[in-house]
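Novice: Encoded as structure tokens, here's the structure I'll be asking about.
Protein chains: 2
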Amino acid sequence: MKSQDIIKSMTDLKRRSEEVALLLKQLSHPQRLLILCSLVEGEKSVSEIEKGCGASQSSVSQFLKGMRLEGLVGARREGKQVFYKIQDDRVLSLMKSLYKTFCA
Amino acid sequence: MKSQDIIKSMTDLKRRSEEVALLLKQLSHPQRLLILCSLVEGEKSVSEIEKGCGASQSSVSQFLKGMRLEGLVGARREGKQVFYKIQDDRVLSLMKSLYKTFCA
DNA sequence: TAATCATATTATAATATAATAATATGAAAA
DNA sequence: TTTTCATATTATTATATTATAATATGATTA
């Protein structure tokens, strides 16, 4: 992408700044990021997620609730367990970008 | 990138979650995002930035200070004016990704 | 139906962030 | 050297977020 095109596209981003900021806010906490990292691997139960990110049961549950409200993740109950997965494609796309920027 | 590779890369992202979250946090406010959008176009004075994002003088200055502390932007004084620009390449890279995800 | 497991909710206290107004600084112009 | 302009800082209040502990729910098992 050429420099000029980037600049032009930023105008679009401005218009959407509130929407974008809201989504970024969800990603901008270490533990929520870990939860989403974990879910990139696929659907997981809450307790699996807990193990993966080392946070308390309560806070994982609260984080998941928040992300569910924002539509980032979706939930499905199966017996005692509840399985979460990433529901918003933009999230997956952003996670990939983050990897490229920070780990490549 | 294949699904398996994404998953593998998430492990790296986990390790860096605090660093990444910190940076995302800076982007996760509409006005800071607008400021950075504006700076994608190139170096700008504070008053130019103010006009571009419609926030008060004080809050723009405070936002810029915060982003300067985190190393996202750099400042240069020229007479009465202070010019800011994006200093962290990861920011530019993320801005591009954001465009792709939200505006393409 | 009582006990247990997985998850969710509530309440609370600590901390962080935001918006705003008022004031201060530092550089140039009158 | 006073005034003005551009920017920065400070103080304050309002609001949001976080961590934690305690409790509740809902589904299964004994």
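Line by line, the protein sequences are chains A and B.
Counting from 1, position 73 in the first sequence corresponds to residue 1142 in the numbering used here; the numbering is continuous, with no gaps.
Counting from 1, position 42 in the second sequence corresponds to residue 1111 in the numbering used here; the numbering is continuous, with no gaps.
Even for Gly, the Cβ is constructed at its ideal location relative to N, Cα and C.
Give, in chain order, every unbroken run of the beta strand (DSSP E) that is at least 3 residues long and sits entirely within the region 1106-1160 of chain B.
Specialist: The qualifying runs are 1142-1147, 1150-1155.
Novice: Kindly indicate if chain A contains any beta-carbon less than 8 Å away from that of Ala1124/B.
Specialist: By 1-based counting over the second sequence, the position of residue 1124/B is 55. No, because no Cβ of chain A sits closer than 8 Å to the Cβ of Ala1124/B.
Novice: In whole angstroms, what is the alpha-carbon distance linking Tyr1153/B and Val1089/B?
Specialist: By 1-based counting over the second sequence, the position of residue 1153/B is 84. By 1-based counting over the second sequence, the position of residue 1089/B is 20. Approximately 23 Å between the Cα atoms of the pair.
Novice: Let me know if Gln1126/A comes out buried or exposed under the rule of 16 or more other beta-carbons within 10 Å of its beta-carbon.
Specialist: Residue 1126/A sits at position 57 when you count from the first residue of the first sequence. That one is exposed.
Novice: Quick one: give me the first and last residue of the alpha helix (DSSP H) that Lys1094/B is part of.
Specialist: Mapped onto the second sequence, residue 1094/B falls at position 25. Start and end: 1086-1096.
Novice: State buried or exposed for Leu1023/B, treating a residue as buried only when at least 16 other CB atoms are found within 10 Å of its CB.
Specialist: What is shown of chain B runs 1070 to 1173, which leaves residue 1023/B out entirely.
Novice: Closest to Ala1144/A by C-alpha separation, out of Arg1084/A, Lys1113/A, Glu1119/A, would be which residue?
Specialist: Working through the first sequence from its first residue, we reach residue 1144/A at position 75. Looking at the Cα atoms, Lys1113/A is the closest of the given residues.
Novice: Strictly under 8 Å for the Cβ-Cβ distance: is Thr1089/B near chain A by that measure?
Specialist: Translated into positions along the second sequence, residue 1089/B becomes position 20. Looking at the sequence shown, residue 1089/B is not Thr but Val. Yes, because at least one Cβ of chain A sits closer than 8 Å to the Cβ of Val1089/B.
Novice: In its own chain, which residues sit with a C-beta less than 6 Å from the C-beta of Ala1124/B, not counting the 5 before and 5 after it?
Specialist: For the purposes of this step, residue 1124/B is taken as the residue at position 55 of the second sequence. Result list for Ala1124/B: Gln1100, in chain order.
Novice: DSSP state of Lys1165/A, grouped into three classes?
Specialist: As a working note, residue 1165/A is residue 96 in the first sequence. Three-state DSSP puts Lys1165/A in a helix.
Novice: Using only alpha-carbon positions, find the residue among Glu1087/A, Leu1105/A, Ile1118/A that is nearest to Val1142/A.
Specialist: Start at 1 with the first residue of the first sequence, and residue 1142/A comes out as number 73. Residue Leu1105/A is the option with its Cα nearest to Val1142/A.
Novice: Check the Cβ of Lys1094/A against every Cβ in chain B and list those closer than 7 Å, keeping chain order.
Specialist: Locating residue 1094/A in the first sequence gives position 25, where the first residue counts as 1. Simply Ser1097.
Novice: What is the DSSP secondary structure of Lys1083/A, counted as helix, strand or coil?
Specialist: Working through the first sequence from its first residue, we reach residue 1083/A at position 14. Note: Lys1083/A maps to helix in three-state DSSP.
Novice: Please confirm if Leu1103/B has its CB atom under 8 Å from at least one CB of chain A.
Specialist: Counted from its first residue, the second sequence places residue 1103/B at position 34. Taking Cβ atoms only, chain A reaches closer than 8 Å to Leu1103/B, which makes this a yes.
Novice: Answer with yes or no whether the minimum CB distance from Ser1162/A to chain B is below 8 Å.
Specialist: Here residue 1162/A refers to the residue found at position 93 of the first sequence. It does; some Cβ of chain B falls within 8 Å.
Novice: Should Ser1107/B be labelled buried (16 or more other beta-carbon atoms within 10 Å of its own) or exposed?
Specialist: Translated into the one-based positions of the second sequence, residue 1107/B becomes position 38. Buried, because 16 or more other Cβ atoms sit within 10 Å of the Cβ of Ser1107/B.
Novice: Whole angstroms are fine: how far does the CA of Lys1071/B sit from the CA of Gln1150/A?
Specialist: As a first step, residue 1150/A is located in the first sequence; it is residue number 81 there, counting from the start. As a first step, residue 1071/B is located in the second sequence; it is residue number 2 there, counting from the start. Going from the Cα of Gln1150/A to the Cα of Lys1071/B covers about 29 Å.
Novice: 8 Å is my cut-off, CB to CB: does Phe1132/A come that close to chain B?
Specialist: Position 63 of the first sequence, counting from 1, holds the residue named residue 1132/A. No, its Cβ sits nowhere closer than 8 Å to a Cβ of chain B.
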